[in-house]
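Residue numbers (this note's numbering): 343 to 526. Ideal Cβ placement from N, Cα and C applies to all residues, glycine included. Being a predicted model, the structure only gives us computed values, none of them experimental.
Structure (structure tokens):
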């Protein structure tokens, strides 16, 4: 065979190799694009951190005994909760978790509800008490959480959670439900 024939044979035999190498490179590029996470959604985690911070920190509305310097998980100080709902709606923003003056990260509505129970006659006439975290943003973001609004660049998500707690009113412990409506 002549030299030209050998070169032609080598070229013809290298075509399947080139196609195979291109297919392997294409598969590697696709796998890299699929497996590398470029967008991490931490809104649920931020909502849980806010809820836990409000429930377990003495800066939140948990019952904190000054004499023994101890907080009681699962027990909400009813007087403190009522004061929070009556005073400045942004007071909780600066004490529990502070994300700066203009908090663009998270907002919440916290409602303390009485448990509807025939055995608890004394609590049937109590009204729900509501406290806000970042009220300005909550009022702005709440319409965007409706089911008719589609997600996009400026979208927000809402997270709801209920916790059964005890509300300390003086020396009495009253069972109640604490509802969190967090928008992030």
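> If you scan the stretch 430-489 from start to end, which runs of the beta strand (DSSP E) of 3 or more residues do you find wholly inside it?
Replying inline: If only uninterrupted beta strand (DSSP E) runs of at least 3 residues are considered, those enclosed by the stretch 430-489 are 449-456 and 471-475.
>> Can you look up residue 423 in the DSSP assignment and give me helix, strand or coil?
In response: Taken through DSSP and simplified to helix, strand or coil, residue 423 comes out as helix.
> Given residue 328, which residues of its chain have a CB within under 8 Å of its CB, disregarding the five upstream and five downstream residues?
Replying inline: Since the first and last residues shown for the chain are 343 and 526, residue 328 lies out of range.
> Would you report the Cα separation of residue 519 and residue 472, rounded to the nearest angstrom?
Replying inline: Cα to Cα, the separation comes out at about 12 Å.
> Can you find at least 3 beta carbon pairs, one from the stretch 431-441 and one from the stretch 394-412, that sit closer than 8 Å?
Replying inline: Judged by Cβ distances under 8 Å, the stretch 431-441 makes contact with the stretch 394-412, as three or more pairs qualify.
> Does at least one heavy atom of the ligand FMN sit under 8 Å from the Cβ of residue 374?
Replying inline: The ligand FMN is not part of this structure, which contains no ligands at all.
> At which residues does the beta strand (DSSP E) containing residue 357 begin and terminate?
Replying inline: No beta strand (DSSP E) contains residue 357, which is instead part of the alpha helix (DSSP H) from 345-377.
> For residue 403 versus residue 419, is the C-beta distance shorter than 9 Å?
Replying inline: Note that the C-beta distance between residue 403 and residue 419 is below 9 Å.
> Do three or more CB pairs link the stretch 506-518 to the stretch 405-425 at distances below 8 Å?
Replying inline: Output reads yes: the stretch 405-425 touches the stretch 506-518.
>> Just to confirm the assignment: which complete beta strand (DSSP E) runs, minimum length 3, are found wholly within the stretch 384-424?
In response: As far as the stretch 384-424 is concerned, its whole beta strand (DSSP E) runs of at least 3 residues are 404-407 and 412-419.
> Using the rule of at least 16 other Cβ atoms within 10 Å of the residue's Cβ for burial, across every protein chain shown, is residue 423 buried or exposed?
Replying inline: By the 10 Å Cβ count, residue 423 comes out buried.
> Among 480, 522, 368 and 369, which one has its Cα closest to the Cα of residue 445?
Replying inline: The closest CA to that of residue 445, considering only 480, 522, 368 and 369, is found on 480.
>> Using C-beta distances below 8 Å, list every residue in its chain close to residue 367, excluding the 5 sequence neighbours before and after it, in chain order.
In response: Nothing listed; no residue qualifies.
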